[in-house]
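Heads up: the sequence shown begins at 1 in full-length UniProt numbering, then just goes up one per residue.
Each residue gets a CB set at the ideal place from its N, CA and C atoms; glycine is no exception.
From a predicted model like this one, the values you see are computed outputs, not experimental measurements.
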Amino acid sequence: MLGDDSHGHWRLAPEGFVTATTRRYRGDTLVLETEFTTEHGAVRVIDFMPRDDMPGSALIRIVEGVRGTVRMDCTIRLRFDYGDMPPWSQQQGNGFLAEVGPDRVALFAPIPVAHERASGTARFEVAAGQRLPFALVYTDATDPLRAEPDAERALAETEREWSDWIGRFDKPCHWPGPVKRSLITLRALIHKHTGGLLAAATLGLPEQPGGSMNWDYRYCWLRDATFTLTALLNAGYTEEARKWRDWILRAIAGSPERMQIMYRLDGTRRLPEYEATWLPGYEGARPVLVGNAASNQIQLDVYGELLDGFHVADRAGIDREPRCIEVETALIEYLEGIWDKPSADIWETRGDPKRYVYSQVMAWVGIDRFLAAARKHGHADPALVQRLGPLRQTMHDAICARGYDAEHGHFVRDFGGSALDASLLILPLVGFLPADDPRMAGTIRAVETQLMEGGLVRRMPAKGDGRDEGAFLACSFWLADCMKLQGRAAESRALLERVIALSNDVGLLSEEYHVPSRRLIGNTPQALTHLGLVNTALSLSGPVLQRGA
């Protein structure tokens, strides 16, 4: 996607002209079927990754003849280090083995694949009823060689495992298909062993077609804490929610002043950003960036997000272990000293820090949730509690005085500013003000009149220079949530369904939607978008755990 054929690819498809191509997931699983139709017949390619406990990982592809006899092309070129490094390779059975540095990939094939310098080709025919399995297996170069996977057994186990997991979802829901697909997608973004949740599975897919906003989203954002916990808990996946809470505790450890806004899946913190200059980018969108320099930003809202997340987990009955109490106390004591300092914003704008209204509100949320936990459990230092009560009111007063534009009747992006920002939709969702408060109602109305494009919500006002990013899909879910709180249930449902209708052919959503070109853009699948879909759909379907309650 970010390079060309020289940077690595694997084509397993019919030779010659294909008259039709369709894709679908097999039931409620992550097993993908792609069916190709040609003048000579039809063939199906079944792609999946087994969720087993073997070292490394595997991609299995089963070619199945559906009708007639179809001549197939298998062309594979292995490249490592984001397409920059050709490996050493050697023949192994019908396939070959490729290694470079710490990495090893083995290709297993049912027919001989001629290879040279880790590039292989094969031509073969598949008739109706035939099934030919291929497998690409990754391991560390120092691990023992893995045997060829039993593809049919792995397929059966993978389908059963996914079906059993999503079968636990039994909550009332008016949109079961999209919600189940979102939950499956979210689970696929969660590391099986650590519990960390990726923001997206990709890097470098542009937020502006052909533009330069091409970030690396293959990390775990602490900001997603409460959105994730709420979605998993409301869907009935308490164990997954607990593992995510525990991942957060391990990642931030005992130094809140050194806390980052994002980490790797394993909780490590070094995410240096560099440009992969050898890659042309998706549709020419450059630079292609690996790593994320925003990890070094100070974002005040993250402290409140974490304390809100711990509060939601506690309300849902997830045990509050001593470490959680210690971390909460360390966070609140640090937040007490920095709440009125400028910081970066929720959108990670790479400019001067400001006192953003959303960040200030989430700092208020952190104080509010800590005080609620102190009342419930009685674990906090009385002197700290005594200080925080008046501070919470001071913060609320400051936000309402300096973050509200009385002339125009709405909250603004930053203290003393005049611009709108869709993150202001979060204010009633976290209980800062009721949705029917005149100040909040005016803000929601302003978002609807100033930030909407094609019936979807933008993060910020359009510049109108032809280089605007797309509508940010999660923001449309936030507006739908606000509409529900205002008693506008029909409008809320319509907005939810408008976003659902933008899903691609297999039910996935990216970060943004580009209205002029009518296509999804940005990294995909995007966790925050699918989290929003789950939370909004379940909220519109029945009683759920709410953040601001």
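- Where A13 is concerned, the enclosing beta strand (DSSP E) starts and stops at 9-14.
- Note that the segment 205-216 touches the segment 271-282; at least 3 beta-carbon pairs, one per stretch, sit closer than 8 angstroms.
- Less than 8 angstroms divides the Cβ of W478 from the Cβ of L425.
- Note on Q360: 16 or more other CB atoms within 10 angstroms of its CB, so buried under the neighbour-count rule.
- Bridge partners of H410 according to DSSP: D405.
- The bridge partners DSSP lists for T121 are T75, A114.
- A check of alpha carbon separations from I166 across D224, Y219, G27 identifies G27 as the nearest.
- Rounded to whole angstroms, the gap between the alpha carbons of Q297 and A251 is 16 angstroms.
- In this structure, the CA atom of L427 is about 26 angstroms from the CA atom of L183.
- When the beta-carbon positions are compared, L540 and R493 come within less than 8 angstroms of each other.
- Going by DSSP, S89 is part of the beta strand (DSSP E) stretching over 88-92.
- Residue pairing by DSSP places A135 opposite I60, F108 in a beta bridge.
- Shown here, K180 sits in a helix according to DSSP, grouped into three states.
- With contact defined as three or more Cβ pairs closer than 8 angstroms, the segment 66-81 and the segment 34-42 are in contact.
- Apart from the 5 residues on each side of it in sequence, I500 sits with its Cβ closer than 6 angstroms to the Cβ of P178 in its chain, given in chain order.
- Beta-bridge partners assigned by DSSP to V70: V126.
- Relative to A154, the option among H408, V31, E407 whose CA is nearest is V31.
- For D47, the beta-bridge partners assigned by DSSP are L32, R61.
- Assigned with DSSP and collapsed to three states, M452 falls in strand.
- For L145, the three-state secondary structure derived from DSSP is coil.
- With a beta-carbon spacing of about 5 angstroms, G83 and G8 fall inside the 8 angstroms limit used to define contacts.
- A straight-line Cα-Cα distance of about 22 angstroms links A471 and P287.
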